[in-house]
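According to the numbering used here, the sequence shown is numbered sequentially starting from -13.
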Amino acid sequence: MQIYNSLTRKKEEFIPRESGKVSMYTCGPTVYHYAHIGNLRSYIMEDVLEKYLRFTGLDVKRVMNITDVGHLTSDGDTGDDKMLKGAKREHKSVMEIAKFYTDAFFDDCTKLNIKKPDVVVPATSYIDEFIRVITVLMEKGYAYEAGGNIYFDTSKLDQYYVFNDFNEEDLAVGVREGVEEDSNKRNKADFVLWFTKSKFDSQELKWESPWGTGYPGWHIECSCISMKNLGEYLDIHCGGIDNAFPHHTNEIAQSEAYLGHKWCNYWFHVLHLNTNSGKMSKSSGEFLTVSLLEEKGYEPVVYRFFCLQSHYRKSLVFSWENLDNAKTTYNKLIAKIKPLISDNYEPLDKDEYDRLMLLFTSALDNDLNTANAITAIYDVLNSKANNFTKLALFEEFDKVLGLDLIENARKIIESPAEIIPDEVMELVEQRKSARKDKNFALADEIRDKITALGYEVRETRQGTEINKIK
Ligand code: AMP
Ligand code: ZN
């Protein structure tokens, strides 16, 4: 499989260090609020990557942290400690908030068919390990104490800016978000490993350490949790692109200083989900959740389909209209799979199976091109393979895509009232394009035809709704 590696800025053949086995680390959520659908875009694409690696026969071990220690995250909030802010907002303790939003995160993942990583570690359960690694960094001369905090000394490294395609603007953002102005620092890029003094004086959770009562920096979490569970070498590290700098840059700095050798071979970064007004961000408080999509009548799997329609290395613009289009396409696809389901056995058409499977795997082998993998579904539908072979392919594809293709097609069979006939769907599409062309007379004419067929079509803020007239 070819995969784009942010470290080398090239597509490369993915070769795990140990034959047949993959160690994979993912930056987990900061649990002071619900995950927004932007966060979940990253987790969906990482899930597809994990599942595809497994699909190719590799034995993957995936580890994720849960950031339940309050500090700045990549959202650029310069206010309070985020965990405490969440706790105050809801009149709960920090640990209660962490537990609640960790559970909420995994509930969302389940709805989106995102597999839970093999190992999940809350940062607060690893404090001793952070202290141990920071102590080694101090002994090795990579860390220093100043003004009560412990800092990593970036001047001790041959190269600090490893993801070296940053422009001035990116670096300025990084400095603002994660590497705060601080007169104690020896170098501008130095970052905190352990805080005893910070602007978050009201930090609720603090622990004893050789340097005084305090709490760990954010970056040390991921290095320690990864090294402890996956060893000295990591095959692949994932995260949203905003994490590349400073978070991942700092993870590399401290892990390699600690280990004395290269740590992670491949860096997989998912680009952002944006809205028309910019990046979706948790700290702004205005963001979309899976529950909100459900309230508005969208199955979570439709959002997964929407994400898979685009390549992970392109930013994706969310709008209700775009999601609505994904919903229509998804429903049509399921309606096309539905007639293939029967209890009749047919012999597997081996040649067609192999040919079509190759279309699917070639798409994903090419830097996880999920859009082309979806095209392979249509290639199967349009092929001359028998129904049994088609379904066998969909079953395999869905192990990676997680789109409930057959399960949802079966649901339609079981509740025929929900099926919207193709004829109606065609008219709905025609009406949509008439409206787009501002030909409202034609749009009304088409609506009448739809009504005559016993269906009612309505424009809502979330898009087009089609219902059977009762
Ligand atoms: P956080 O909970 O802020 O630590 O973020 C969890 C994950 O979501 C990280 O991998 C982030 O890089 C990623 N992320 C944050 N915002 C977005 C966005 N708008 N689109 C895609 N991924 C994001
Ligand atoms: Zn991380």
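Heads up, the beta-carbon is just placed ideally off N, CA and C, and yes, glycines get one too.
Outcome for residue i when other beta-carbon atoms lying within 10 angstroms are tallied against a minimum of 16
i, result
"F426", "exposed"
"E409", "exposed"
"Q145", "exposed"
"D337", "exposed"
"P286", "buried"
"G14", "buried"
"G127", "exposed"
"A239", "buried"
"D45", "exposed"
"L344", "exposed"
"K71", "buried"
"R75", "exposed"
"E300", "Note that residue 300 is Lys in the sequence shown, not Glu. It counts as exposed."
"E36", "buried"
"D310", "buried"
"K313", "buried"
"T437", "exposed"
"G226", "buried"
Closer than 6 Å: residue i CB and nearest the ligand ZN heavy atom
i, result
"C13", "yes"
"C250", "no"
"C210", "no"
Straight-line gap, residue i to residue j (C-alpha atoms, nearest Å)
i, j, result
"L98", "K78", "28 Å"
"N373", "I327", "7 Å"
"D114", "G43", "36 Å"
"D33", "H22", "16 Å"
"K422", "A429", "9 Å"
"S209", "K265", "27 Å"
"Y364", "K376", "10 Å"
"Y441", "Y284", "19 Å"
"L39", "G246", "29 Å"
"L334", "Y147", "53 Å"
"Q295", "R(-5)", "23 Å"
"T16", "V414", "42 Å"
"K418", "A243", "58 Å"
"T182", "Y112", "17 Å"
"G24", "H297", "14 Å"
"Y18", "N135", "24 Å"
"V80", "F86", "10 Å"
"G198", "I117", "11 Å"
"E400", "E412", "23 Å"
"K282", "K456", "21 Å"
"Q(-12)", "T88", "33 Å"
"R444", "E451", "5 Å"
Any non-hydrogen atom of the ligand AMP within 6 Å of residue i CB
i, result
"R458", "It is not possible to answer for residue 458, since the shown part of the chain is limited to -13 through 456."
"N229", "yes"
"L259", "yes"
"G6", "no"
"M266", "yes"
"R472", "No answer is possible for residue 472: the residues shown for the chain start at -13 and end at 456."
"G24", "yes"
"G43", "no"
"G72", "no"
"G226", "yes"
"T16", "yes"
Own chain partners of residue i with C-beta closer than 6 Å, once the 5 adjacent residues on each side are dropped
i, result
"T261", "F304"
"F511", "The chain is shown from -13 up to 456; residue 511 falls before or after that span and cannot be answered."
"N236", "F177, H205"
Close beta carbons around residue i, own chain, < 8 Å, minus the five adjacent residues each side
i, result
"V55", "M69, A109, T110, L191, Y201, P202, W204, E207"
"A158", "Since pLDDT at A158 reaches only 49, below the 50 mark, its modelled position is unreliable, and the value read off the structure follows with that caveat. Excluding sequence neighbours, A158 sits near nothing in its chain."
"V457", "The structure shown does not extend to residue 457, since the chain spans only -13 to 456, so no value can be given for it."
"D139", "G127, Y128, A129, Y130, R172, N173, D176"
"V165", "Caution applies to V165, whose pLDDT of 47 falls short of 50 and renders its modelled position unreliable; the value that the coordinates give is listed next. K174, A175, D176, F177, P232."
Close-in-space but distant-in-sequence residues of the same chain around residue i (CB under 7 Å, 5 per side omitted)
i, result
"N(-9)", "E(-2), Y252, W253"
"I360", "L294, Q295"
"S241", "S209, M213, W249"
"A90", "Y20"
"A420", "L428, A429, I432"
"P103", "T12, R48, V49, M50"
heavy atom of the ligand MN below 6 Å from residue i C-beta
i, result
"T375", "For the structure depicted, the ligand MN is absent and the ligand set comprises only the ligand AMP and the ligand ZN."
Practice problem: Spell out a yes or no on whether the region 274 to 291 and the region 384 to 403 are touching, meaning 3 or more CB-CB pairs, one atom from each, closer than 8 Å. | Solution: yes
Practice problem: Pair every Cβ in the region 5 to 18 with every Cβ in the region 208 to 220, then say whether three or more of these pairs are closer than 8 Å. | Solution: yes
Quiz item: Counting Cβ pairs closer than 8 Å, one from the region 306 to 324 and one from the region 390 to 397, do we hit at least three?
Solution: Enough Cβ pairs lie closer than 8 Å, so yes.
Quiz item: Would you call the region 23 to 32 and the region 246 to 262 touching, i.e. three or more CB-CB distances under 8 Å?
Solution: Contact holds: three or more Cβ-Cβ distances are below 8 Å.
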